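S.K.: Got a structure here, written out as structure tokens. Questions coming.
In my numbering, the protein residues as written are 482 to 819.
Rendered as structure tokens:
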């Protein structure tokens with residue numbers, strides 16, 4: 482992206498924020514490092530380029546040990562917000578998500594000042610003044626790095642570390658779904674990164690229940706040709722499925738790793754693939770109109786409300802549907818992984 486394009490996007494964002502006093506920056510419900518870093522960069526931008534104050538909000542839970550360690554390193558910049566607080570917000574910015582995706586509480590009808598996201602654009606148009614959606618980009622943190630650079634603001638170590646980690650986690654250290662823009666942002670951040678902090682984040686202590694849920698995932702995992710599908714059952718936090726899918730994908734014969742689980746009244750699943758494309762499409766095809774799904778070429782996820790149904794029946798149907806979409810009959814029993 483050229484400097485002119487970056488400046489044009491920055492000025493469009495600033496026009497959308499003209500006259501704002503207080504800005505609520507909203508991530509998806511269960512923010513990952515890319516969402517956390519992007520929101521932090523947006524707050525930094527708002528508070529240094531406009532006269533407004535900014536708050537970062539999310540609706541769900543930050544569960545993964547690494548994500549909690551990142552938030553501690555950043556001195557807890559996010560806060561859980563209620564639906565009432567979101568409704569009262571006069572100026573809203575969404576980062577790493579879009580209204581109507583199902584992973585945040587907003588619909589397309591809600592007026593939003595700005596949307597910055599790298600996931601595929603929804604068919605329904607968003608009611609936003611500034612829309613910057615670039616699905617070819619590997620991480621929202623790349624986009625926010627460009628905005629900070631266009632504003633000619635200094636990238637302080639804490640923010641640079643968060644953005645670097647956001648790009649790294651969403652692109653597997655530039656190995657998955659990246660562009661030249663991701664590489665440029667990654668390299669620009671590199672000299673300012675606190676690598677000791679990243680080492681602490683990546684090796685964050687794990688609670689006992691993590692190993693209990695790992696045990697469930699491994700015992701339930703079945704191999705179907707080049708796919709491994711596992712179920713956890715009840716989860717303490719919804720993004721544990723991503724942890725497990727990441728691990729299962731490391732099995733030598735695996736091309737597709739899928740993990741499902743139940744959190745409160747919703748079935749969640751995560752997909753990882755060695756392929757460069759197809760994960761997001763698979764997630765959307767399996768969910769259909771029964772819930773919400775999204776993602777990129779190599780990683781995706783989704784959620785389906787139970788609505789009174791038994792969790793086991795929903796999970797079994799999803800497992801069967803995944804097998805069908807990946808070329809099976811849907812009736813295979815599969816071989817045990819362990």
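Think of the CB as a built atom: it goes at the ideal place given N, C-alpha and C, for glycine as much as any other residue. Since the structure is predicted, the reported quantities are computational estimates derived from the model, not experimental observations.
(1) To which residues of the same chain is residue 734 closer than 7 angstroms at the C-beta, ignoring the five residues directly before and after it?
(2) Buried or exposed for residue 635, going by 16 or more other Cβ atoms inside 10 Å?
(3) Tell me, which residues are paired with residue 712 by DSSP?
(4) For residue 836 and residue 541, what's the separation of their Cα atoms in angstroms?
(5) Are residue 578 and residue 589 close, meaning C-beta to C-beta below 8 angstroms?
(6) Could you check where the beta strand (DSSP E) with residue 786 kicks off and where it finishes?
(7) Hey, residue 793 and residue 710: beta-carbon distance below 8 angstroms or not?
(8) Can you tell me whether residue 680 is buried or exposed, with buried defined as 16 or more other CB within 10 angstroms of its CB?
(9) Pick helix, strand or coil for residue 640, following the three-state DSSP scheme.
(10) Which residue marks the beginning of the alpha helix (DSSP H) containing residue 725, and which one marks its end?
(11) DSSP three-state call for residue 676: helix, strand or coil?
(12) Between the region 563 to 583 and the region 491 to 506, are three or more C-beta pairs nearer than 8 angstroms?
(13) With a threshold of 8 angstroms between beta carbons, is residue 752 in contact with chain B?
(14) Residues in its own chain within less than 8 angstroms of residue 496 by CB, not counting five upstream and five downstream?
(15) Could you tell me the alpha carbon to alpha carbon distance between residue 675 and residue 716, rounded to whole angstroms?
(16) How would you call residue 500, buried or exposed, if buried means at least 16 neighbouring beta carbons within 10 angstroms?
(17) Could you tell me which of 671, 743, 649, 672 sits nearest to residue 694, measuring between CA atoms?
(18) If you draw a straight line from the alpha carbon of residue 723 to that of residue 789, how long is it in whole angstroms?
(19) Flag this pair as yes or no: are the beta carbons of residue 810 and residue 627 separated by less than 8 angstroms?
(20) Restricting to runs no shorter than 3 residues, where is the beta strand (DSSP E) found entirely within the region 586 to 611?
(21) Just checking, does the region 769 to 788 make contact with the region 747 to 758 on the three C-beta pairs under 8 angstroms criterion?
(22) So, under 8 angstroms CB-CB, residue 806 and residue 767 are touching, yes? Tell me the CB distance rounded to an integer number of Å.
(23) Quick one: what's got a C-beta closer than 8 angstroms to residue 607's C-beta in the same chain, skipping five residues either side?
(24) Quick one: what does DSSP say residue 822 is sitting in, helix, strand or coil?
(25) For residue 657, name the three-state secondary structure that DSSP assigns.
(26) Which whole runs of the alpha helix (DSSP H) in the region 530 to 573 are 4 residues long or more, in chain order?
(27) Would the beta-carbon of residue 701 fall within 8 angstroms of that of residue 726?
(28) Which residues in the same chain as residue 533 place their Cβ atom closer than 8 angstroms to its Cβ, once the five residues preceding and following it in sequence are excluded?
(29) Can you tell me the Cα-Cα spacing of residue 524 and residue 559, whole angstroms?
(30) Starting from the Cα of residue 672, find the closest Cα among 659, 684, 564, 639 and give me that residue.
(31) Which partner residues of residue 576 appear in the DSSP bridge assignment?
M.R.: Looking at the coordinates:
(1) The residue given as residue 734 occupies position 253 in the chain shown. So the list reads 707, once near-sequence residues are dropped.
(2) If you number the chain shown from 1, residue 635 lands on position 154. Residue 635 comes out exposed.
(3) Taking the chain shown and counting its residues from 1, one reaches residue 712 at position 231. Answer is 741.
(4) Beyond the ends of the chain as shown, which are 482 and 819, falls residue 836; an answer cannot be given.
(5) Within the chain shown, residue 578 is the residue found at index 97, counting from 1. Within the chain shown, residue 589 is the residue found at index 108, counting from 1. Against a cut-off of 8 angstroms, the Cβ pair of residue 589 and residue 578 comes out as no contact.
(6) Residue mapping note: residue 786 aligns to position 305 of the chain shown, counting from 1. Start and end: 780 to 786.
(7) As a first step, residue 793 is located in the chain shown; it is residue number 312 there, counting from the start. As a first step, residue 710 is located in the chain shown; it is residue number 229 there, counting from the start. No, they are not a contact pair.
(8) Residue mapping note: residue 680 aligns to position 199 of the chain shown, counting from 1. Answer is exposed; the Cβ neighbour count stays below 16.
(9) Locating residue 640 in the chain shown gives position 159, where the first residue counts as 1. Helix.
(10) The residue given as residue 725 occupies position 244 in the chain shown. Residue 725 -> alpha helix (DSSP H) spans 721 to 729.
(11) Start at 1 with the first residue of the chain shown, and residue 676 comes out as number 195. The answer is helix: DSSP assigns residue 676 an H, G or I state.
(12) yes
(13) The structure shown has no chain B; it contains just one protein chain.
(14) Looking up residue 496 in the chain shown gives position 15. For residue 496, where only same-chain residues beyond five positions count, the Cβ hits under 8 angstroms are 610, 611.
(15) One-based indexing of the chain shown puts residue 675 at position 194. One-based indexing of the chain shown puts residue 716 at position 235. If I take the Cα positions, the gap works out to 32 angstroms.
(16) Against the chain shown, residue 500 aligns to sequence position 19. Residue 500 comes out exposed.
(17) Residue 694 sits at position 213 when you count from the first residue of the chain shown. That would be 743, whose Cα lies nearest to the Cα of residue 694.
(18) For this step, residue 723 is matched to residue 242 along the chain shown. For this step, residue 789 is matched to residue 308 along the chain shown. When rounded, the distance between both Cα atoms is 25 angstroms.
(19) Along the chain shown, one-based indexing puts residue 810 at 329. Along the chain shown, one-based indexing puts residue 627 at 146. It is not a contact, given that the beta carbons lie outside the stated cut-off.
(20) 593 to 598
(21) yes
(22) Locating residue 806 in the chain shown gives position 325, counting from the first residue. Locating residue 767 in the chain shown gives position 286, counting from the first residue. That pair is a contact at about 6 angstroms.
(23) Here residue 607 corresponds to residue number 126 of the chain shown, with the count starting at 1. 579, 580, 581, 589, 593, 596.
(24) Residue 822 is absent from the structure shown; the chain starts at 482 and stops at 819.
(25) Here residue 657 is taken as the residue at index 176 of the chain shown, counted from 1. It is coil, neither helix nor strand.
(26) 546 to 554, 564 to 569
(27) Position 220 of the chain shown, counted from the first residue, corresponds to residue 701. Position 245 of the chain shown, counted from the first residue, corresponds to residue 726. Going by C-beta atoms, residue 701 is not nearer than 8 angstroms to residue 726.
(28) As a working note, residue 533 is residue 52 in the chain shown. Closer than 8 angstroms at Cβ, skipping near neighbours: 498, 501, 502, 503, 504, 527, 572.
(29) The sequence position of residue 524 within the chain shown is 43, counting from 1. The sequence position of residue 559 within the chain shown is 78, counting from 1. Cα to Cα, the separation comes out at about 10 angstroms.
(30) Position 191 of the chain shown, counting from 1, holds the residue named residue 672. If we check each option's Cα against that of residue 672, 639 comes out closest.
(31) Taking the chain shown and counting its residues from 1, one reaches residue 576 at position 95. Its beta-bridge partners are 597.
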